[in-house]
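K.L.:
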Amino acid sequence: MAAVLPAEPILASSLIDDEELGSIVSRIFLETKKTERKDVVRTGVSSVDEALEGGLERGGMVGVSGEVGAGSNEMCTALLVSSLLQDTMTAAAVVDTAGNFDIVRVYTLILSRVQQDEELLQRLRAEEASGSESSVEDTAAKVLDRLKIMRVFDFVGVMEAVGEIRDGLEGRSKRKEATPAVENPTNAVGEVAEETSSNVNAPIVETHFMEAAAEERVIADSQEEEDEMLFDSEIATQTVRLPTQELPVREQQPLQPPNQHEPPSLKTSFILMDNLAQVLSPFLKKDYIQANNLLTALLRSLSHLTHTHSLITLLLNPATVPRPRSPTRKVSGPPQPQQVPTPPPSVFSDVKAIPALGNVLGVYVDVGLMVSRVPRRKVDARVLYSEGHNKKGVQWVEVVEVVSDRWGGRTGGWGTFLIDQEKCIKDL
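Quick note, the sequence shown lines up with residues 1 to 428 if you use UniProt numbering.
(1) For the beta strand (DSSP E) holding ASN317, just list the boundary residues, first then last.
(2) Is TYR385 buried or exposed, if buried means 16 or more other CB atoms sit within 10 Å of its CB?
(3) Quick one: grab the DSSP three-state call for LYS352.
(4) Any idea if LEU428 is buried or exposed, counting beta-carbon neighbours within 10 angstroms, 16 or more meaning buried?
(5) Tell me, which residues are paired with LEU56 by DSSP?
(6) Going by CA-CA distance only, name the one from GLN122, GLY163, SER82 and SER112 that's closest to ARG146.
(7) For THR416, which three-state DSSP category applies?
(8) Using beta-carbon positions only, say whether LEU272 and VAL94 come within less than 8 Å of one another.
(9) By the 10 Å Cβ neighbour count, where 16 or more other Cβ atoms means buried, how is SER14 classified, buried or exposed?
(10) Please name the residue in ARG113, VAL4, LEU21 and LEU144 whose C-alpha comes closest to that of ALA12.
(11) Could you give the first and the last residue of the continuous beta strand (DSSP E) run that contains THR88?
(12) With a Cβ-Cβ cutoff of 8 Å, do VAL425 and ALA78 count as a contact?
(13) Just confirm the distance between the C-beta atoms of ASP366 and ALA98, as a whole number of angstroms; I'd bet it's less than 8 Å.
(14) Tell me the rounded alpha-carbon separation between SER265 and ARG406.
(15) In three-state terms, what does DSSP make of ASP427?
(16) Would you identify the three-state DSSP class for THR342, choosing helix, strand or coil?
(17) Looking only at DSSP bridge pairs, what is ASP274 linked to?
(18) According to the neighbour-count rule (16 or more other Cβ atoms, all chains shown, within 10 Å of its Cβ), is ASP18 buried or exposed?
(19) Using the three-state DSSP reduction, which class does LYS392 fall into: helix, strand or coil?
(20) What residues in its chain sit with their C-beta under 6 Å from that of GLY63, if we drop five residues either side in the sequence?
(21) Thinking C-alpha only, which one of ASP350, SER65 and ASN359 is nearest ALA381?
(22) What residue from ASP167, ASN100 and LEU109 has the CA that sits closest to PHE153's CA?
(23) What number of angstroms, rounded off, separates the C-alpha of ARG300 from the C-alpha of PHE283?
(24) Take TRP396 and list the residues in its own chain whose beta-carbon comes closer than 8 Å to its own, dropping the five residues that flank it on each side.
(25) Are the segment 37-57 and the segment 289-300 touching, with three or more C-beta to C-beta distances below 8 Å?
(26) So, are the CB atoms of SER134 and ARG125 less than 8 Å apart?
(27) Could you compute how far the alpha carbon of SER310 sits from the alpha carbon of ASP39?
(28) Which partner residues does MET370 have in the DSSP bridge list?
(29) I'd like the span of the beta strand (DSSP E) that includes ILE149, first residue to last.
(30) Which residue comes first and which comes last in the alpha helix (DSSP H) that contains ASP380?
(31) Identify the continuous alpha helix (DSSP H) that holds GLY408 and give its terminal residues.
(32) Within 10 angstroms of the Cβ of PRO343, are there 16 or more other Cβ atoms? Answer buried if so, exposed if not.
(33) In the DSSP output, which residue or residues are listed as bridge partners for LYS267?
(34) Nearest to SER269 by alpha carbon, out of GLU128, LEU84 and GLU74?
Structure (structure tokens):
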């Protein structure tokens, strides 16, 4: 009798075809993403917002890398203005390490958006309580008042700026201001009495110190010495004749009710840091390991702050094209293993730029964006890459790529935009 073979398991994927499986996945996941992304900040460019699936959601760190002049600063400025216009009860903070943040461009972009959108203008006037008679320029200026610019010069300044933002979000600065400087009156009298009693012998010590110092001085002018001795004697006399009977008593001030006309404190909801590589380069040249440890500690703290308070944190990161290694250069010493160069993150073959701080920054950012410039048309590409041809007439277009996404699955998406004469981004 033949042995009965055990039944082989049937895979669940064999019970459904690929077309039906794809429709289920798109119906469940894609529609869920569209409904979840409500509180987002948009760039105002349809192509870029579509690549970001509506915009950047709050509660995430975003790394924006790009070469100088590629459009990364302009895109971050557009996101900054969108955050300011979205909610009048929030503020934005800019940590400027390079000193080239253009506040005029921010005001110009705010003014342009307010002039083009009448509904936005009316909403800002109502929420700012400025009245319908206020001009468009005044409304844009009030929006600009909610922008905090922190100019820092080194890595310590960056850490202090982040700590100041944290104190404002967690209410530590308010608690410090609200803490009464006057304690218990009995303790205050005791403290004054102790200070006075401890300072009774202070004039004698001070007088002896002045006399000893006067003896050690080099006599330069008799009149000058007499003046100094006169001042010393006056100081000693005034110190000895301090009244000890009348003790100043610090009275406890009654708590005053909060001022109803005082404007409410604004919560910081947007942080733009331009840029970390500017202040970290001296540390990297001196001690690479210590610089990475400092950067890791800062990014960990900034990530926790962003996720806890639902902020949008943009980290501007420069990108550079690596120089080709000279084949004729001879390396002295024993042969070393050849290092594999870091591949460019862009999907475009013409973009060779590599972001700085990529080995550490990529671990903590939730979304990584790459901004680059590419030729706009095929004719521009032919003119650009042709040898000996004048390249002044080449037209460019800025490309934004999503090179990494921790949660949203937007990696690989890209959009395009143009930069006008006022340094504002617009649709292609």
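Glycine included, C-beta positions come from ideal geometry on N, C-alpha and C.
P.N.:
Inspection of the coordinates gives the following:
(1) 312-320
(2) exposed
(3) coil
(4) exposed
(5) VAL41
(6) SER82
(7) strand
(8) yes
(9) exposed
(10) LEU21
(11) Here THR88 belongs to no beta strand (DSSP E), and DSSP marks it neither H nor E.
(12) Per the sequence shown, residue 425 should be read as Ile rather than Val. Closer than 8 Å, so yes.
(13) About 24 Å; that fails the 8 Å criterion.
(14) 33 Å
(15) coil
(16) coil
(17) ASP96 and LEU316
(18) exposed
(19) coil
(20) LEU315, ASN317, LEU361, VAL365 and GLY368
(21) ASP350
(22) ASN100
(23) 18 Å
(24) ARG373, VAL374, PRO375, ARG376 and ASP380
(25) no
(26) yes
(27) 10 Å
(28) SER65 and GLU401
(29) 147-151
(30) 378-385
(31) It is not in any alpha helix (DSSP H) - GLY408 carries neither H nor E in the DSSP assignment.
(32) exposed
(33) THR90
(34) LEU84
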